[in-house]
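In our numbering, the protein residues as written are 397 to 515. Glycine included, each C-beta is placed from N, C-alpha and C at the ideal position. Keep in mind that this is a model prediction, so the values were computed, not measured.
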């Protein structure tokens, strides 16, 4: 299984202007470089707590929050951006699986869990 790394996810969600220098993903396999055509993709091993999100619609949000780190919980722009950009189904998935998030991410998830989105 693979998922985009945090910087790519944060960029796609509009949470940062930072752009990854090269294609990078996390995997539950071994860390390695994979050549695809004329591009090299970096696959970095990630532990079970990260890879538990693989296949979930909220995985990019979790990856972005992990990349942003604990300061994301106090940045109101992060919650506002996610609230405006995420479809309700992704918000519901995030709230439903919030027990698997770092504790500092709770304020961001709570801000997404308004009355019409609660799981």
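Shortest alpha-carbon distance to residue 468 belongs to which of 446, 399, 400, 406?
Taking the chain shown and counting its residues from 1, the one referred to as residue 468 is at position 72. Here the closest residue by C-alpha is 406.
For residue 423, list the residues DSSP reports as bridge partners.
Along the chain shown, read from residue 1 onward, the residue named residue 423 stands at position 27. Answer by DSSP bridge pairing, in chain order: 398, 441.
Quick one: which unbroken alpha helix (DSSP H) runs of 4-plus residues sit fully inside the region 473 to 509? Chain order, please.
Counting only runs of 4+ residues, the alpha helix (DSSP H) found wholly inside the region 473 to 509 occupies 484 to 492, 502 to 508, in chain order.
Indicate whether residue 425 and residue 411 have their beta-carbon atoms separated by less than 8 Å.
Working through the chain shown from its first residue, we reach residue 425 at position 29. Working through the chain shown from its first residue, we reach residue 411 at position 15. Not a contact, by the Cβ cut-off of 8 Å.
Could you say which of 433, 508, 420, 450 lies nearest to residue 477 if we only look at CA atoms?
Walking along the chain shown from the start, residue 477 turns up at place 81. Checking every option, the nearest Cα to that of residue 477 belongs to 508.
Checking 8 Å against the spacing of the C-beta atoms, do residue 452 and residue 489 come in under that value?
Residue numbering aside, residue 452 sits at position 56 when the chain shown is read from its first letter. Residue numbering aside, residue 489 sits at position 93 when the chain shown is read from its first letter. A contact, by the Cβ cut-off of 8 Å.
Hey, quick one: how far does the beta strand (DSSP E) through residue 430 stretch, first residue to last?
Against the chain shown, residue 430 aligns to sequence position 34. Here the beta strand (DSSP E) through residue 430 covers 428 to 432.
Whose C-beta lies closer than 7 Å to the C-beta of residue 415 among residues of the same chain, with five residues either side of it excluded?
Within the chain shown, numbered from 1, the residue matching residue 415 stands at position 19. Cβ within range, chain order: 407.
What I want to know is whether the C-beta of residue 468 ends up closer than 7 Å to one or more non-hydrogen atoms of the ligand MN.
Absence of the ligand MN from the depicted structure is noted, as is the absence of any ligand whatsoever, leaving it without description.
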